[in-house]
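Notes to accompany the following structure.
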Amino acid sequence: FYARITNGKQTPKSNVDQKAKSTLKSTAKCTKTEGEKEILPNERNKIKILYGTQTGKSKHFAENLSKDGTYKGYTCEVIDLKNYDPDEQLDNEGENTTCLVVFISTYTEGTPPEGAEWFVKWLEESASDFRVQKSLLSNLHYAVFGLGNSLYGENFNTVAKHVDHCLHKLSGHRILSVGLGDENVSQSSHKSLENDYVAWKRDFWKKLKEVNSVFASKDLKKNCKNEGQCNCQEEDTASENTGIESDDELQEDPADNEIVDVEDLGRVMGSGKTSTKLNPTKDEPAEMITPLIKKSLEKQGYKLIGTHSGVKLCRWTKSMLRGRGGCYKHTFYGIESHRCMETTPSLACANKCVFCWRHHTNPVGTEWRWKMDDAEFVFNGALQSHVALIKQFKGVPGVQPERFLEGLTPQHCALSLVGEPIMYPKINKFIDLLHDKGISTFMVTNAQFPDAIRDLSPVTQLYVSVDASTKDSLKKIDRPLFRDFWDRFLESLDALSAKNQRTVYRLTLVKAWNTEELDNYASLVSRGNPDFIEVKGVTYCGESKASNLTMENVPWHTEVVNFVQELVDRLDGDYEIAAEHEHSNCVLVANKKFLVDGKWWTWIDYPKFHSLMKRFKESGGEEKFSSDDYMAPTPDWAVFGAEERGFDPKEERHFRKKQKDV
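For the sequence shown, our numbering begins at 10 and goes up steadily by one.
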């Protein structure tokens, strides 16, 4: 079924190919085509499609292939691997189907998705067990498409490669090379995971048609009743062009030995005619937002800007428009929640944290390799999109008219929406544009880009996420892409300690994950010397396919307070608990320099900050300022221990019927 071209000459077929050819049954009948649709003999028109998924992408591709197959005349069945028993079913698939297709992703550290673990384990054991006949799957024709991210280096698509290898080791017949879909658009062969799939799918249907032609070729001349007026008149050599490959052949590199497989010949010859939409020029950067990412983020309520930025309306913005209370930043720092714009100039991130409420639908990366929009374009798009979202609340019951009008003029920007804003190469220009407009800046970084922290222009308040206190626990909870993630993490804390503006450690507590090792947390505090430490219980936002967190991992507010008190006891008397926002399950620890004459000054004098920032900019950075220069007194209701528990008494607390307050 397989021919190879060396310097224009055909080489002999491998023994594996001859063996594969011998397994085909001569039961074919005439096949015709009707436009795009193939009319197939009943015994050769079944495709079983299996998928193993963590976030749903494999399922999406499996269903798409099934839809295409149905249109082409195949009977397709899609099955989640968690519901598939290979011990009972796999060895019979060759008798019952034309082809078995497996879509499978590679999860943390090269492991399969949870629902596919048994399938992969069964394959591994069967392929290596001497008691299992290696001809077990000799009647099976299969194809595998993997979903991975090349940023994970040696773990890139390891599960798909392993499944493909095991199926072949059990004498299954691979009809085309394993597809290696790459979520990293800058390295993807076709500039996105979706385009990798589309290219693979195109080859799949071509190769499957060739396999079907082999089944038809033997008895075709005897059985054809159409006097040659159909598409089944194949030459005897047709079977030699079918893309059944051996593992040895897959290992060879055409660039090294100038040998091109027949399977690859069409791609090689057609590479000059490939659509630029599918395969942009090598020097052209890919866009960060792929169609699949765009669809997913827009479904979650994001307004996307250009090729890598986004805006979303925070629930607390909506709450304060109605006079129902503000977020913890209102309690701790005095922002007006209804005038806060939540945005990011970079949807990409360098971590895949287990508690990420974005459900891992944003891209990931370790450096900027995408097409880049100008800072002015991102700034104007963010402002316009945010205002447009606010305008949707005009006339909505409960929205206060004066707050609606105020909301049309944002005064604060939370650069913490999703991704890693500090990755954006023009982040300093973007920050300048915000400050020029009188908008304060709250920047959050995941402590993986220490150089960018050092080079960052002054912001109103700079956060670093400190999600764990040891190397092993950080790897477990943040799942960083960088191999030197711990060194980068520590260097980021060092860089933070050198900043003059307000700095914050943000700790997200996940019960049974990172609530131990208090001494290590204390050591990290002494290293970065933050002005504040925000400790917040993880928020459960429903089931996330990319995480196994449950409500059991959410600590009670009393548990958060107890953790914070134990932490403060280890900080040598330099910090105290200053404020709390019970509703957000969040507690603020502050350096005692903000405790002036027995009163906390954790709030921000925003006009003073903008005045200081203007002088800093006009002096070319010579006229510096520090966090002490723009602090403001904290109101009594926000202070830890107050009966309001962080809820502004000017607001009206809203209670849902038969439920606890919200």
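The C-beta atom is built at its ideal place from N, Cα and C for all residues, glycine as well. No experiment lies behind these values; they were computed from the predicted model shown.
Of the residues D638, K170, T115 and G181, which one's Cα is nearest the Cα of S147? If you number the sequence shown from 1, residue 147 lands on position 138. Nearest option by C-alpha distance: G181.
Would you check if the distance between the CB atom of N538 and the CB atom of T479 is smaller than 7 Å? On the sequence shown, residue 538 is found 529 positions in, with the first residue counted as 1. On the sequence shown, residue 479 is found 470 positions in, with the first residue counted as 1. Result no, Cβ atoms of N538 and T479 do not sit closer than 7 Å.
D96 at chain B interface by Cβ criterion, 7 Å: Judged by its chain identifiers, the structure shown contains no chain B, having just a single protein chain.
Residue ranges of each beta strand (DSSP E) within the segment 400 to 436, 3 or longer: Every beta strand (DSSP E) of 3 residues or more that sits fully in the segment 400 to 436 is shown, in chain order, as 421 to 424.
To which residues does DSSP link Q470 through a beta bridge? Your numbering for residue 470 matches position 461 in the sequence shown. Answer is F451 and R511.
Please list, in chain order, all residues of the same chain as E345 whose beta carbon is under 8 Å from its beta carbon, the five residues on each side excluded. Within the sequence shown, residue 345 is the residue found at index 336, counting from 1. Counting only Cβ-Cβ distances below 8 Å, and skipping sequence neighbours, we find M329, G335, H339, E415, Q420 and H421.
Leaving out five residues before and five after E351 in sequence, what residues of the same chain have Cβ atoms less than 6 Å from its Cβ? Stepping through the sequence shown from its first residue, residue 351 is reached at position 342. If we look at E351 and ignore the five residues flanking it on each side, its Cβ neighbours are K321, C323, A423 and L426.
Three-state secondary structure (DSSP) of N529: Locating residue 529 in the sequence shown gives position 520, where the first residue counts as 1. DSSP places N529 in helix when its eight states are reduced to three.
Locate the alpha helix (DSSP H) running through M622, then write down its first and last residues. The residue given as residue 622 occupies position 613 in the sequence shown. Where M622 is concerned, the enclosing alpha helix (DSSP H) stretches over Y615 to E627.
Let me know if A507 comes out buried or exposed under the rule of 16 or more other beta-carbons within 10 Å of its beta-carbon. The residue you call residue 507 lines up with position 498 of the sequence shown. That one is exposed.
Quick check: D191 and D205, are their CB atoms within less than 7 Å of each other? Residue numbering aside, residue 191 sits at position 182 when the sequence shown is read from its first letter. Residue numbering aside, residue 205 sits at position 196 when the sequence shown is read from its first letter. Going by C-beta atoms, D191 is nearer than 7 Å to D205.
Taking the C-alpha atoms as reference points, what is the distance between F386 and K303? The residue given as residue 386 occupies position 377 in the sequence shown. The residue given as residue 303 occupies position 294 in the sequence shown. Each residue's alpha carbon lies about 19 Å from the other.
Cβ of S591 within 7 Å of Cβ of H566? What you label residue 591 is simply residue 582 of the sequence shown in a count that begins at 1. What you label residue 566 is simply residue 557 of the sequence shown in a count that begins at 1. Sequence check: residue 591 is Glu here, not Ser. Yes, the Cβ-Cβ distance between E591 and H566 is below 7 Å.
Could you tell me how far apart the beta carbons of N105 and T84 are, in whole angstroms, since I believe they sit closer than 8 Å? By one-based count along the sequence shown, residue 105 stands at place 96. By one-based count along the sequence shown, residue 84 stands at place 75. Contact flag wrong, Cβ pair sits at about 11 Å.
Between K608 and the ligand ATP, is the CB less than 6 Å from at least one heavy atom? Although the ligand ATP was asked about, the structure shown includes no ligands whatsoever.
Can you give me the Cβ contacts of R654 inside the same chain, cut-off strictly under 7 Å, excluding the 5 residues immediately before and after it? Along the sequence shown, read from residue 1 onward, the residue named residue 654 stands at position 645. Only E589 and E591 meet the Cβ criterion.
Among T117, D77 and E126, whose alpha-carbon lies nearest the alpha-carbon of D94? Counted from its first residue, the sequence shown places residue 94 at position 85. Considering only alpha carbons, the answer is E126.
Compare the C-alpha of V475 against each of K484, F491 and Y151 and name the closest. By one-based count along the sequence shown, residue 475 stands at place 466. When each option's Cα is compared against that of V475, the closest is K484.
Tell me L59's beta-bridge partners as DSSP assigns them. Counting from 1 along the sequence shown, the entry for residue 59 is found at position 50. Answer is I88 and V111.
If I follow the unbroken alpha helix (DSSP H) through T326, where does it start and stop? Reading the sequence shown from its first residue, position 317 is the one you call residue 326. For T326, the enclosing alpha helix (DSSP H) covers residues R324 to L330.
Can you tell which of T326, L398 and D441 has the C-alpha that lies nearest to the C-alpha of G310? For the purposes of this step, residue 310 is taken as residue 301 along the sequence shown, with counting starting at 1. The shortest C-alpha separation from G310 is found at L398.
If I follow the unbroken alpha helix (DSSP H) through D578, where does it start and stop? Here residue 578 is taken as the residue at index 569 of the sequence shown, counted from 1. Following the DSSP letters along the chain, one finds D578 inside the alpha helix (DSSP H) bounded by residues H566 to D578.
Whole-angstrom C-beta distance between G332 and E661, which should lie under 8 Å: Counting from one through the sequence shown, the residue named residue 661 turns up at place 652. Counting from one through the sequence shown, the residue named residue 332 turns up at place 323. Right, their Cβ atoms sit about 5 Å apart.
Count the other C-beta atoms from every protein chain shown that fall within 10 angstroms of the C-beta of N166, then say buried if there are 16 or more, exposed otherwise. By one-based count along the sequence shown, residue 166 stands at place 157. The residue in question, N166, is buried, as its Cβ has 16 or more Cβ neighbours within 10 Å.
When DSSP labels each residue in this structure, what does R378 get in the three-state scheme? In the sequence shown, counting from the first residue as 1, residue 378 sits at position 369. If DSSP states are grouped into helix, strand and coil, R378 belongs with coil.
Hey, quick one: how far does the alpha helix (DSSP H) through F128 stretch, first residue to last? Taking the sequence shown and counting its residues from 1, the one referred to as residue 128 is at position 119. Start and end: E126 to S137.
Assign T340 to one of three DSSP states: helix, strand, or coil. Here residue 340 corresponds to residue number 331 of the sequence shown, with the count starting at 1. It is helical.
For V547, three-class secondary structure by DSSP: What you label residue 547 is simply residue 538 of the sequence shown in a count that begins at 1. Residue state, collapsed to three classes: coil.
Between N455 and E429, which are expected to be in contact by the criterion C-beta below 8 Å, what is the C-beta distance as a whole number of angstroms? Taking the first residue of the sequence shown as 1, we reach residue 455 at position 446. Taking the first residue of the sequence shown as 1, we reach residue 429 at position 420. About 6 Å; that satisfies the 8 Å criterion.
Beta strand (DSSP E) segment containing K321, residue limits: As a working note, residue 321 is residue 312 in the sequence shown. Residues S318 to K321.
Which residues bound the alpha helix (DSSP H) around C175? Against the sequence shown, residue 175 aligns to sequence position 166. From DSSP, the alpha helix (DSSP H) with C175 extends over T167 to K178.
Other residues of its chain near K4: CB distance less than 7 Å, five sequence neighbours each side excluded: Because the chain in this structure spans residues 10 to 671, residue 4 falls outside the shown range and cannot be described.
Verify whether the separation of the beta carbon atoms of V187 and V153 is less than 7 Å. On the sequence shown, residue 187 is found 178 positions in, with the first residue counted as 1. On the sequence shown, residue 153 is found 144 positions in, with the first residue counted as 1. Contact: yes.
Rounding to the nearest angstrom, what Cα-Cα distance links G103 and K178 in this structure? Stepping through the sequence shown from its first residue, residue 103 is reached at position 94. Stepping through the sequence shown from its first residue, residue 178 is reached at position 169. G103 and K178: Cα-Cα distance of roughly 15 Å.
Pair within 7 Å by beta-carbon distance, F112 and A71: Walking along the sequence shown from the start, residue 112 turns up at place 103. Walking along the sequence shown from the start, residue 71 turns up at place 62. One thing to note: F112 has its Cβ within 7 Å of the Cβ of A71.
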